[in-house]
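Taking it in order: structure first as structure tokens, then the write-up.
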Amino acid sequence: MTDDAGDEEPMHETGIFSEIDRAENPAQLLATLSEFYAAYGFHAVCYVLPSLSEPGRFQMFERGMPADWMKRYFEMDFCLVDPIPDYVIKTGKVDTLHNILESTVVTEKQREYLDEFYRSGVTNGLGMPTHGRTHSRGFFGITQVSDEDLADVDRSLMHAVAQHAHWKFERLGMDTGKDMSRLSPRECEILKWVAAGKSNPDIATILGISNATVATHLKRTFAKLDVHDRVSAAMMAHRLGMV
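With the numbering used here, letter number 173 in the sequence shown gets 1432, and the count goes up by one each step, no holes.
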């Protein structure tokens, strides 16, 4: 008998859809997606939603992307110039990141961004468009993969999983009992910064308040929105049109 303990079998292609349906919150859903895509060699996943209230901006949720690059991405507000999600959403096609970038006409600012992107440690991968039942559109990117795994992967399956996840994110974010009028102006302000990817110390510096005050406001906000983590809170802010 051979020992295959080190070789994890990917979730059965029907099992992943059940796993997605069982997710109870956005953080759990992201963890499920990370495990699934990693089994096929993709060790990073990001989910992008264009802003409902600010055209040109979008919200990103990720797992496994290079930490230094993500810090730089949020600090420099690169969502304003990143051409990849917008291109994929507009074309509606699944393709490799390298092919997407070769096909994209970019501005000078976007070229400067891409110069940094190419040095970021992000590998080639797949860009996939998704759409919601309420006409919302999204983008999934899966990266940190070898050339061999990228060439061999079933793109249709990867896309189907991303699409199913988009629908699940929609269901998790829709709850008529979550009324933003229950939040104080300060809580709304802090929630917007959380949705922008800012840490508690960042928010404290921006607003000129203490870390403890930020933490207290977030605790109250989580309770009012019935969420338990920053990802879920940020998703709620997006669904309610705050970002």
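By construction, the Cβ of each residue, glycine as well, lies at the ideal position given by its N, Cα and C atoms.
Own chain partners of residue i with C-beta closer than 7 angstroms, once the 5 adjacent residues on each side are dropped
{"i": "residue 1474", "result": "1459"}
{"i": "residue 1479", "result": "1446"}
{"i": "residue 1382", "result": "1402, 1403, 1404"}
{"i": "residue 1346", "result": "1359, 1363"}
{"i": "residue 1344", "result": "1307, 1317, 1398"}
{"i": "residue 1357", "result": "1383"}
{"i": "residue 1350", "result": "none"}
{"i": "residue 1470", "result": "1459, 1460, 1463"}
{"i": "residue 1418", "result": "1353, 1387"}
Extent of the continuous alpha helix (DSSP H) to which residue i belongs
{"i": "residue 1401", "result": "First-last for residue 1401: 1396-1402, but that is the beta strand (DSSP E), not the alpha helix (DSSP H)."}
{"i": "residue 1332", "result": "1326-1334"}
{"i": "residue 1372", "result": "1367-1376"}
{"i": "residue 1274", "result": "1274-1281"}
{"i": "residue 1470", "result": "1470-1484"}
{"i": "residue 1464", "result": "1459-1466"}
{"i": "residue 1291", "result": "1285-1298"}
{"i": "residue 1413", "result": "Premise fails: residue 1413 is in no alpha helix (DSSP H) and is neither H nor E."}
Pairwise C-alpha distance: residue j and residue i
{"i": "residue 1411", "j": "residue 1303", "result": "17 angstroms"}
{"i": "residue 1452", "j": "residue 1276", "result": "32 angstroms"}
{"i": "residue 1456", "j": "residue 1444", "result": "19 angstroms"}
{"i": "residue 1448", "j": "residue 1324", "result": "27 angstroms"}
{"i": "residue 1372", "j": "residue 1429", "result": "30 angstroms"}
{"i": "residue 1506", "j": "residue 1461", "result": "What is shown of the chain runs 1260 to 1502, which leaves residue 1506 out entirely."}
{"i": "residue 1466", "j": "residue 1326", "result": "25 angstroms"}
{"i": "residue 1407", "j": "residue 1299", "result": "11 angstroms"}
{"i": "residue 1337", "j": "residue 1376", "result": "10 angstroms"}
{"i": "residue 1386", "j": "residue 1340", "result": "17 angstroms"}
{"i": "residue 1281", "j": "residue 1374", "result": "40 angstroms"}
{"i": "residue 1361", "j": "residue 1367", "result": "15 angstroms"}
{"i": "residue 1450", "j": "residue 1392", "result": "26 angstroms"}
{"i": "residue 1297", "j": "residue 1484", "result": "31 angstroms"}
{"i": "residue 1335", "j": "residue 1274", "result": "39 angstroms"}
Spatial neighbours of residue i in its chain, beta-carbon cut-off 6 angstroms, leaving aside the 5 residues before and after
{"i": "residue 1342", "result": "1363, 1365, 1369"}
{"i": "residue 1505", "result": "Any property of residue 1505 remains undetermined from this structure, which presents the chain solely from 1260 to 1502."}
{"i": "residue 1319", "result": "1305, 1307"}
{"i": "residue 1488", "result": "1286"}
{"i": "residue 1333", "result": "1456"}
{"i": "residue 1309", "result": "1317"}
Beta bridge counterpart(s) of residue i as assigned by DSSP
{"i": "residue 1388", "result": "1398"}
{"i": "residue 1354", "result": "1386"}
Cβ-Cβ distance between residue i and residue j below 8 angstroms
{"i": "residue 1328", "j": "residue 1379", "result": "yes"}
{"i": "residue 1295", "j": "residue 1420", "result": "yes"}
{"i": "residue 1482", "j": "residue 1454", "result": "no"}
{"i": "residue 1389", "j": "residue 1397", "result": "yes"}
{"i": "residue 1384", "j": "residue 1317", "result": "no"}
{"i": "residue 1441", "j": "residue 1353", "result": "no"}
{"i": "residue 1305", "j": "residue 1283", "result": "no"}
{"i": "residue 1355", "j": "residue 1409", "result": "yes"}
Bounding residues of the beta strand (DSSP E) (the contiguous stretch that carries residue i)
{"i": "residue 1447", "result": "Premise fails: residue 1447 lies in the alpha helix (DSSP H), 1444-1454, not in any beta strand (DSSP E)."}
{"i": "residue 1322", "result": "1317-1322"}
{"i": "residue 1339", "result": "Taken as a continuous stretch (DSSP letters only), residue 1339 belongs to no beta strand (DSSP E), as it is neither H nor E."}
{"i": "residue 1303", "result": "1303-1309"}
Beta-carbon contacts of residue i that lie in its chain and below 8 angstroms, excluding the five residues immediately before and after
{"i": "residue 1279", "result": "1288, 1291, 1292, 1420, 1423, 1424, 1427"}
{"i": "residue 1492", "result": "1450, 1453, 1454, 1477, 1480, 1481, 1484, 1486"}
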